[in-house]
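Student: Residue numbers (my numbering): 3 to 187. Built from N, CA and C at the ideal position, the CB exists for glycine as well.
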Ligand code: IMP
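1. Considering only their Cβ atoms, is the gap separating residue 128 from residue 100 smaller than 8 Å?
2. Would you identify the three-state DSSP class for residue 134, choosing helix, strand or coil?
3. DSSP state of residue 114, grouped into three classes?
4. Assign residue 10 to buried or exposed, taking buried as 16 or more other Cβ atoms, counted over all protein chains shown, within 10 Å of its Cβ.
5. Compute the minimum distance between the beta carbon of residue 46 and the heavy atoms of ligand 1, and state whether it is under 7 Å.
6. Mind checking whether residue 67 and residue 96 have CB atoms under 8 Å apart?
7. Counting along the chain, where does the beta strand (DSSP E) carrying residue 90 start and finish?
8. Flag residue 150 as yes when its Cβ comes closer than 7 Å to any non-hydrogen atom of ligand 1, and as no otherwise.
9. Roughly how many angstroms lie between the CA atoms of residue 12 and residue 167, to the nearest whole one?
10. Looking at the strands, I want to know which residues DSSP matches up with residue 17.
11. Could you tell me the distance, in whole angstroms, from the CA atom of residue 42 to the CA atom of residue 182?
12. Would you list the one or two residues that DSSP bridges to residue 102?
13. Can you name the start and end residues of the alpha helix (DSSP H) that residue 56 belongs to?
14. With which residues is residue 166 paired in a DSSP beta bridge?
15. Return the first residue and the last residue of the beta strand (DSSP E) that residue 153 is part of.
16. Could you please give the first and the last residue of the uninterrupted beta strand (DSSP E) stretch that includes residue 94?
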């Protein structure tokens with residue numbers, strides 16, 4: 003697919019590259035304030051969090067470690083199934099660590115709520131959550147977000163790591179996908 007075709011599938015821009023950079027920098031300053039005496043372990047949820055992790059990790063002016071987890075996600079649908087399955091588990095132990103889960107987007111909150119429950123038994127010293135985007139109107143479960151980039155409307159968005167059927171992840175901004183792309187009106 004050509005880049006021009008990808009852009010043509012976007013109905014409206016929600017966040018520009020510059021706005022995202024400002025949000026990531028703001029999150030980084032907040033994390034730095036809370037992690038002055040220890041090395042946090044940043045855990046990214048694949049694949050959506052790849053872009054925010056790459057930018058956030060480079061923006062942070064403190065020592066840190068990174069690990070990844072992959073859980074089952076939407077596939078080619080635009081609605082959360084609520085079914086979470088570990089596809090790739092962590093390689094670094096959480097025991098005694100100050101953990102920051104790095105999420106691209108919190109939609110229904112089901113994935114995050116499941117992750118927090120799963121991590122509860124792994125003896126971390128603390129578990130915090132950083133999410134670039136949140137859709138408050140879509141949340142089905144109340145999950146605490148310690149570091150938030152932006153609240154966005156309840157539309158299906160792509161770009162900056164977020165996909166529809168594995169496409170659009172490489173767009174540098176975040177935009178609403180035309181419903182016609184996924185068979186809507
Ligand atoms: P949840 O509904 O909060 O469990 O969202 C789980 C995952 O679904 C997120 O981490 C994203 O990978 C994906 N997701 C949720 N909303 C969107 C969206 O608007 N566009 C693309 N992916 C999304």
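Tutor: Put simply:
1. Here residue 100 corresponds to residue number 98 of the chain shown, with the count starting at 1. Here residue 128 corresponds to residue number 126 of the chain shown, with the count starting at 1. Cβ distance < 8 Å, so residue 100 and residue 128 count as in contact.
2. Here residue 134 corresponds to residue number 132 of the chain shown, with the count starting at 1. Strand, per DSSP.
3. The residue labelled residue 114 in the question sits at position 112 within the chain shown. Helix at residue 114.
4. By one-based count along the chain shown, residue 10 stands at place 8. Counting Cβ neighbours within 10 Å, residue 10 comes out exposed, since fewer than 16 surround it.
5. In the chain shown, residue 46 corresponds to position 44, counting from 1. Every heavy atom of ligand 1 is 7 Å or more from the Cβ of residue 46, so no.
6. To locate residue 67, count along the chain shown from 1; it is residue 65. To locate residue 96, count along the chain shown from 1; it is residue 94. In this structure, residue 96 does not lie closer than 8 Å to residue 67 by Cβ.
7. As a first step, residue 90 must be located in the chain shown, where it is residue number 88. Counting along the chain, the beta strand (DSSP E) containing residue 90 begins and ends at 88-90.
8. Counting from 1 along the chain shown, the entry for residue 150 is found at position 148. It does not: the Cβ of residue 150 is nowhere closer than 7 Å to a heavy atom of ligand 1.
9. Counted from its first residue, the chain shown places residue 12 at position 10. Counted from its first residue, the chain shown places residue 167 at position 165. Those two C-alpha atoms are separated by around 15 Å.
10. Taking the chain shown and counting its residues from 1, one reaches residue 17 at position 15. Per DSSP, 176.
11. Here residue 42 is taken as the residue at index 40 of the chain shown, counted from 1. Here residue 182 is taken as the residue at index 180 of the chain shown, counted from 1. Taking the straight line joining both Cα atoms gives about 42 Å.
12. Indexing the chain shown from 1 puts residue 102 at position 100. Answer is 44, 130.
13. Taking the first residue of the chain shown as 1, we reach residue 56 at position 54. That run of the alpha helix (DSSP H) goes 52-61.
14. By one-based count along the chain shown, residue 166 stands at place 164. Per DSSP, 169.
15. Position 151 of the chain shown, counted from the first residue, corresponds to residue 153. It spans 149-153 - the beta strand (DSSP E) in which residue 153 sits, taken as one unbroken run.
16. Taking the chain shown and counting its residues from 1, one reaches residue 94 at position 92. That residue, residue 94, is in no beta strand (DSSP E); it is neither H nor E in DSSP.
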